[in-house]
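A.B. asks: Protein sequences appear in the order of chains A and B.
Start counting the first sequence at 744; every next residue gets the next number (my numbering).
Start counting the second sequence at -13; every next residue gets the next number (my numbering).
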Amino acid sequence: MICQECNQRPATLHFTKIVNGEKTEIHLCEQCAHEKGEMFMFPHQGAFSINNLIAGLLNMDASLKEQKAPSFHSEHVLQCERCKMTYAQFVKVGRFGCANCYETFAHYLPPVFRRLHGGHVAHEGKIPKRVGGTLYIRKQIGQLKHVLQDLIVKEQFEKAAEVRDQIRELETKLKAEGGASHE
Amino acid sequence: MSKQLFFQRALSPWMSEEGPDSDIVLSSRIRLARNMKQYSFPTVFTNEEAIAIIELFERLFSQKSYGHIGPFFLLKMNELQSIEKRVLVEKHLISPHLAEDCTFGACLLSEQEEASIMINEEDHVRIQCLFAGFQLKEALKMASALDDWIEQHVDYAYDEKYGYLTSCPTNVGTGLRASVMMHLPGLVLTQQMNQIIPAINQLGLVVRGTYGEGSEALGNIFQISNQITLGKSEEDIVEDLTGVVRQLIEQERMAREALVKTSNIQLEDRVYRSYGVLTNSRIIGSKEAAQCLSDVRLGIDLGYITNVPKTILTELMILTQPGFLQKYAGGAMRPQERDVRRASLIRERLCQLS
């Protein structure tokens, strides 16, 4: 097989790229592969194709394709005021520019997340102790309330009383911390 | 400890331990992606921001030890030679992206190399913990403890609804990628992999070859990891992956048993032929080497070969990658030279043992 880049030397390196089920084969000689850069020499994760895939997902929302703005405000471009990333740029690179972008583009995110994460749109995992603030306590209370309901249904009242006390304790803690954080 | 050791030893110290199910699961890895609230993400941040982040982590980890993990060593990408970076990639300590594209990237490595923290890769912080054998839960515990420690000093970008905010929407939520590296020669030989891969994909998990291009797996080594990071807790993600891996271990054991039962002599022949190639060849490409190493490792697991340690596959798989070969040779080499060098390296290593 001849190298498809220079059409002279025999191809010694063969790459198969599969993007969206579409298979592309590339056959190169050592020299051309080297000129094409290190990218080919490494077993890469293919950041390239992943990027394009996400961009494809973000673009699926037809209403965004033309960047239609409200008619009375025709100059309006959706842009993150912190890092200056526009929605069009976000769609193109498939990466957020900063934490604030999540708020700026909030309206468009749920459908994208749903597609990427098997229908999920909300975090169910770890809560950082410091930054999460009272969220950790609030989630704990929520969980305990479920436990309490369960115990009442099962008529295990002694255990239920214990859980009720735990909830009360957490609620007092929540009040104290909530007060502190508003100072 | 000298930082040079990170580039010299092929086998990270943690690898020489024998983990649970290590005849099939070579290693377990947990990665957590985190960002800081006050800085733009690495795709758009300024050089000043990037430098400030590295300095922050340099200060944070300047103390002698962190818990039971011990000291961390900071390696800045712009201070490393390209072969050195490549060696770190081949050991899976850093990503190709950090090595190639992140001018202001850095990594913090623990002495045993079981923990590595990439700074300014796609996200500000990527915590990675590696364990020998099948120990996802232990790896998660260590990564989470490191995460807690960092969180005491750093304001993470965290949202009540979306969880940990990441640069790429595919990581948002837990920022967790759990993966295991598995050696599955039995399933490949009995041609079951082609059916298994699509089935696993349907469960929201991804299977890919660790060393080969695309879906082709070099040396029958596959990496299986979660795809979904949002809407499931860390424990559930690990639990789901664990369930599938357990199934695969069982299937692989059954396949190996069936192979021994139905074609014992053919299998033994295959193992010893590969052993012969490895101990005698003068020129060997990476593909052939990987296949032979896989056969020999299977031979060790099945008890045909007794004088070679189990870790040989992992060690030689890494040692015979282009970066390591060139590091050993002391400079860049052409592919033909590499094949010669690879053959002599494998011969030397195996003959030392017998």
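Using N, Cα and C, we set each Cβ at its ideal position, and we do this for glycine too.
Everything numeric in this text was worked out from a predicted model, so none of it was measured.
Taking C-beta pairs closer than 7 Å, name the residues in chain B that residue 871(A) reaches, listed in chain order.
C.D. replies: The contacting residues are 137, 142 and 144.
A.B. asks: Can you pull the DSSP bridge partners for residue 62(B)?
C.D. replies: Looking at the DSSP assignment, residue 62(B) forms a beta bridge with 92(B).
A.B. asks: Quick one: does residue 867(A) have its CB under 9 Å from some CB of chain B?
C.D. replies: Residue 867(A) counts as touching chain B.
A.B. asks: On the criterion of 16 or more Cβ atoms from any shown chain inside 10 Å, does residue 95(B) qualify as buried, or is it exposed?
C.D. replies: By the neighbour-count rule (16 or more Cβ atoms within 10 Å), residue 95(B) is buried.
A.B. asks: Look up residue 225(B) in the DSSP assignment and give the residues it is bridged to.
C.D. replies: Answer is none; residue 225(B) lacks a bridge partner.
A.B. asks: Between the beta-carbon of residue 115(B) and the beta-carbon of residue 207(B), is there less than 9 Å?
C.D. replies: The answer is no: Cβ separation not under 9 Å.
A.B. asks: Taking all protein chains shown into account, decide if residue 318(B) is buried (16 or more other Cβ within 10 angstroms of its Cβ) or exposed.
C.D. replies: Exposed, because fewer than 16 other Cβ atoms sit within 10 Å of the Cβ of residue 318(B).
A.B. asks: Within 9 Å of any Cβ in chain A, is that where the Cβ of residue 199(B) sits?
C.D. replies: Residue confidence is low: residue 199(B) scores 49 on pLDDT, short of 50, so the model does not pin down where it sits. Its coordinate-derived value is still stated next. Yes - at least one Cβ of chain A is within 9 Å of the one on residue 199(B).
A.B. asks: To be precise: take each residue of the segment 122 to 134 of chain B, compare its Cβ to all Cβ atoms of chain A, and keep it if any distance is under 9 Å. Which residues remain?
C.D. replies: Listed in sequence order: 130, 133 and 134.
A.B. asks: Taking the continuous alpha helix (DSSP H) assigned at residue 320(B), which residues delimit it?
C.D. replies: Taken as a continuous stretch (DSSP letters only), residue 320(B) belongs to no alpha helix (DSSP H), as it is neither H nor E.
A.B. asks: Under a CB-based cut-off of 9 Å, is residue 874(A) close to chain B?
C.D. replies: Yes, its Cβ sits closer than 9 Å to a Cβ of chain B.
A.B. asks: At what residues does the alpha helix (DSSP H) containing residue 309(B) begin and finish?
C.D. replies: Here the alpha helix (DSSP H) through residue 309(B) covers 308 to 315.
A.B. asks: If I'm right that residue 325(B) touches residue 271(B) with Cβ under 8 Å, what's the distance once you round it to whole angstroms?
C.D. replies: Their Cβ separation, rounded to whole angstroms, is 5 Å, which keeps residue 325(B) and residue 271(B) in contact under 8 Å.
A.B. asks: Hey, is residue 25(B)'s beta-carbon within less than 9 Å of any beta-carbon in chain A?
C.D. replies: Judged by the 9 Å Cβ criterion, residue 25(B) is in contact with chain A.
A.B. asks: What residue from 121(B), 145(B) and 120(B) has the CA that sits closest to residue 870(A)'s CA?
C.D. replies: Comparing Cα positions, the closest option is 145(B).
A.B. asks: Pull out every residue of the segment 157 to 181 of chain B whose Cβ sits closer than 8 Å to any Cβ of chain A, in chain order.
C.D. replies: Cβ contacts with chain A come from 158, 159, 160 and 162.
A.B. asks: Is any beta-carbon of chain A found at less than 9 Å from that of residue 150(B)?
C.D. replies: Chain A, which has a Cβ nearer than 9 Å to the Cβ of residue 150(B), makes this yes.
A.B. asks: Strictly below 7 Å CB to CB, what residues from chain B border residue 842(A)?
C.D. replies: Simply 21, 23, 143 and 151.
A.B. asks: Going by the CB atoms, is the gap between residue 874(A) and residue 147(B) shorter than 9 Å?
C.D. replies: Contact: no.
A.B. asks: By the criterion of Cβ-Cβ separation under 8 Å, what are the contact partners of residue 217(B) in chain C?
C.D. replies: Of the protein chains in this structure, namely A and B, none is chain C.
A.B. asks: Check for me: the beta strand (DSSP E) holding residue 167(B) runs from which residue to which?
C.D. replies: 162 to 169 is the extent of the beta strand (DSSP E) around residue 167(B).
A.B. asks: Under 9 Å Cβ-Cβ, which residues of chain B neighbour residue 830(A)?
C.D. replies: The contacting residues do not exist; residue 830(A) stays about 13 Å from chain B at best.
A.B. asks: Determine the burial state of residue -7(B): buried for a count of at least 16 other Cβ atoms within 10 Å of its Cβ, exposed for fewer.
C.D. replies: When all chains shown are included, residue -7(B) counts as buried.
A.B. asks: Using only the alpha-carbon positions, how far apart do residue 860(A) and residue 109(B) sit?
C.D. replies: Using only the alpha carbons, I get a separation of about 19 Å.
A.B. asks: Report yes or no: is there a C-beta of chain B within less than 9 Å of the C-beta of residue 773(A)?
C.D. replies: Closer than 9 Å: yes.
A.B. asks: For residue 857(A), which option in 156(B), 256(B) and 124(B) has the closest C-alpha, if you only look at C-alpha atoms?
C.D. replies: Ranking 156(B), 256(B) and 124(B) by Cα distance to residue 857(A) puts 156(B) first.
A.B. asks: Taking the alpha helix (DSSP H) that residue 180(B) belongs to, which residues open and close that run?
C.D. replies: Where residue 180(B) is concerned, the enclosing alpha helix (DSSP H) stretches over 179 to 188.
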